[in-house]
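Enquirer: Mind looking over this structure? Questions follow.
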Amino acid sequence: MVSPGHGGGQPDAGRAYLENLGSEGYEELRRKVIASLGCFSQLNPDERADVTTEAVFMVLRSGLLDPSKQPVAYIKTTARRLALEKLKRAGGTVLMDNVDLSGLADVQVEAEPDEQDQELELEARVSQGLSRIASPQQREVTSRMARGEPAKKVAESLGISRQQVDTQYNRGRAKVRAAPEVSPFVRAAYVQSAGRRRLAKDGE
């Protein structure tokens with residue numbers, strides 16, 4: 004188990020970020036990142052944990068981490084990129100059980116050119132799928148919820164109920180998953196199910 008107390012190799016910003024998290028905060032960070040890898044069904048729990056550890060310290064050592072600019076989302080994106088690379092090296096087809104929209108976070112962190120070249124392909128595809136949502140409010144709800152904004156805050160700012168937020172997010176997420184840019188990365192059975200639910204809801 005890697006603990007924040009063993010982060011001596013990280014630049015100052017990364018070291019300070021770990022110290023501020025503390026042991027419980029660090030474990031919570033790991034749980035969130037590991038959960039974001041749940042869509043990679045080919046990876047077992049131990050492999051997801053290993054990818055998470057690699058992603059955390061890759062980001063911290065890079066010196067690019069800005070704790071004020073959604074560091075968890077940035078680490079999740081790095082972890083998903085590493086997971087994709089791991090699966091591609093293994094020669095398997097990368098299929099997603101679902102799409103984690105948290106990759107849509109507007110993380111303003113500069114990356115090295117080679118890291119930009121390796122940017123997670125799925126994130127761009129999901130962004131394109133999001134743009135296909137016709138309803139401006141549904142698109143905004145989906146985008147804000149995808150960035151991890153609390154549903155209560157979204158509801159209050161838009162003047163709608165929490166139930167409406169949940170409904171619009173579920174519909175928006177289904178539309179993104181069924182979008183042609185995204186659907187090749189989603190298991191066929193799930194896409195068909197999501198598509199039927201979407202058509203049924205759109206017909207209400």
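Every letter in the sequence shown is one number past the one before it in this note's numbering, and letter 153, counting from 1, is 156.
We treat Cβ as the ideally placed atom computed from N, Cα and C, and that holds for glycine.
Please classify Ser71 as buried or exposed, where buried requires at least 16 other C-beta atoms within 10 Å of its C-beta.
Expert: Flag for Ser71 reads exposed.
Enquirer: Alpha carbon to alpha carbon, how far is Ile78 from Ala58? Give it in angstroms, no decimals.
Expert: Taking the straight line joining both Cα atoms gives about 6 angstroms.
Enquirer: For Leu46, which residues in the same chain have their Cβ closer than 8 angstroms to its Cβ, ignoring the five residues on either side in sequence?
Expert: Once the five neighbours on either side are set aside, the close Cβ partners of Leu46 are Leu40, Val54, Ala86, Lys89, Leu90.
Enquirer: Hey, which unbroken runs of the alpha helix (DSSP H) at 4 residues or more fall wholly within the segment 154 to 183?
Expert: Fully enclosed alpha helix (DSSP H) runs of 4 or longer: 154 to 161, 165 to 181.
Enquirer: Compute the distance between the beta-carbons of Ala52 and Gln131, then report whether it is under 8 angstroms.
Expert: It is not a contact, given that the beta carbons lie outside the stated cut-off.
Enquirer: So for Gly66, helix, strand or coil by DSSP?
Expert: Correct three-state label for Gly66: coil.
Enquirer: Looking at the secondary structure, which residues open and close the alpha helix (DSSP H) in which Lys79 lies?
Expert: Element bounds for Lys79: 74 to 92.
Enquirer: Taking all protein chains shown into account, do 16 or more other C-beta atoms lie within 10 angstroms of the C-beta of Gly66, making it buried, or fewer, making it exposed?
Expert: So Gly66 counts as exposed.
Enquirer: Along the chain, where does the alpha helix (DSSP H) that runs through Ser39 open and close?
Expert: Start and end: 15 to 39.
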